[in-house]
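J.: Here's a structure for you.
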Amino acid sequence: MSRIDSANPYRLQSPVTSFTELAKTKPTIATPMPEEFVAELKLHEEQVAARIEASYNYGKANPDQIYAQVSVGGKVVATVYESGITSLERGAYGTNLTEDGAGLDLAKARLADIMEAVEGEVRFSDFEPQAGWVASNIPELVLPKVTARGLVDLWRAMDWDLARSRMGIDDAAKAEPAG
Numbered sequence: 004m005s006r007i008d009s010a011n012p013y014r015l016q017s018p019v020t021s022f023t024e025l026a027k028t029k030p031t032i033a034t035p036m037p038e039e040f041v042a043e044l045k046l047h048e049e050q051v052a053a054r055i056e057a058s059y060n061y062g063k064a065n066p067d068q069i070y071a072q073v074s075v076g077g078k079v080v081a082t083v084y085e086s087g088i089t090s091l092e093r094g095a096y097g098t099n100l101t102e103d104g105a106g107l108d109l110a111k112a113r114l115a116d117i118m119e120a121v122e123g124e125v126r127f128s129d130f131e132p133q134a135g136w137v138a139s140n141i142p143e144l145v146l147p148k149v150t151a152r153g154l155v156d157l158w159r160a161m162d163w164d165l166a167r168s169r170m171g172i173d174d175a176a177k178a179e180p181a182g
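Going by the numbering used here, the first residue of the sequence shown is number 4, and it counts up by one from there.
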């Protein structure tokens with residue numbers, strides 16, 4: 004056990020036990036994750052990362068999906084995609100966007116909404132690269148599959164395994180004659 008102190012006002016001021024120590028001393032409260040679950044969780048994380056990377060790369064490689072960008076003072080404040088998805092930056096927050104429609108019709112309506120709220124310049128080509136997340140209309144069939152279970156599913160499986168083992172122990176104790 005150790006004491007953790009820091010400048011943080013929410014610091015711990017009592018003894019702290021690591022999960023490893025808890026699993027050793029109180030196996031009914033904390034049990035180590037089986038190695039096959041650890042491997043599956045690692046695979047899940049790799050598959051999700053590959054899926055995100057594929058979606059991001061698709062969005063970067065297909066800038067024609069952007070319908071228009073709105074700039075104010077040389078800074079992009081809104082990006083409208085051909086699908087109607089719209090990304091607003093700080094300079095365009097509070098803009099009421101049309102919710103009805105889909106595709107290019109929705110994109111045009113949303114661009115009109117933005118232009119009513121923001122005095123800016125509209126570009127239909129030579130788009131500036133977007134920082135951070137890039138909207139992607141990548142078809143689901145093209146994305147890498149995630150076949151491994153995530154943490155919640157693995158935790159549920161471990162919980163059920165533990166419950167089944169306890170039920171088996173309880174049944175065995177009831178079957179033995181007292182004596």
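Ideal Cβ placement from N, Cα and C applies to all residues, glycine included.
(1) What first and last residue would you give for the alpha helix (DSSP H) that runs through K148?
(2) Excluding the five sequence neighbours on either side, which residues of its own chain have a C-beta within less than 8 Å of the C-beta of F130, listed in chain order?
(3) Could you give the residue range of the beta strand (DSSP E) that holds E124?
(4) According to DSSP, is Y59 helix, strand or coil?
(5) Compare the beta carbon distance of T89 and R113 with 8 Å and say whether it is the shorter of the two.
(6) Terminal residues of the continuous alpha helix (DSSP H) containing A95?
(7) With 16 other CB atoms within 10 Å as the buried threshold, where does E143 fall?
(8) Under the three-state reduction of DSSP, which class applies to T82: helix, strand or coil?
(9) So what does A71 bridge to, in DSSP terms?
(10) Let me know if I117 comes out buried or exposed under the rule of 16 or more other beta-carbons within 10 Å of its beta-carbon.
(11) Is the separation between the beta-carbon of A95 and that of A120 shorter than 8 Å?
T.: Working from what's here:
(1) What you label residue 148 is simply residue 145 of the sequence shown in a count that begins at 1. No alpha helix (DSSP H) holds K148; DSSP gives it neither H nor E.
(2) Within the sequence shown, the letter at position 127 stands for residue 130. The residues are P66, I69, Q72, T82.
(3) Counting from one through the sequence shown, the residue named residue 124 turns up at place 121. From DSSP, the beta strand (DSSP E) with E124 extends over 124 to 126.
(4) Counted from its first residue, the sequence shown places residue 59 at position 56. Three-state DSSP puts Y59 in a helix.
(5) For the purposes of this step, residue 89 is taken as the residue at position 86 of the sequence shown. For the purposes of this step, residue 113 is taken as the residue at position 110 of the sequence shown. It is a contact, given that the beta carbons lie within the stated cut-off.
(6) As a first step, residue 95 is located in the sequence shown; it is residue number 92 there, counting from the start. Taken as a continuous stretch (DSSP letters only), A95 belongs to no alpha helix (DSSP H), as it is neither H nor E.
(7) For the purposes of this step, residue 143 is taken as residue 140 along the sequence shown, with counting starting at 1. E143 should be labelled exposed.
(8) On the sequence shown, residue 82 is found 79 positions in, with the first residue counted as 1. Three-state DSSP puts T82 in a strand.
(9) The sequence position of residue 71 within the sequence shown is 68, counting from 1. Looking at the DSSP assignment, A71 forms a beta bridge with V83.
(10) Along the sequence shown, one-based indexing puts residue 117 at 114. Buried.
(11) Along the sequence shown, one-based indexing puts residue 95 at 92. Along the sequence shown, one-based indexing puts residue 120 at 117. Yes; because the gap between Cβ atoms is below 8 Å, this pair is in contact.
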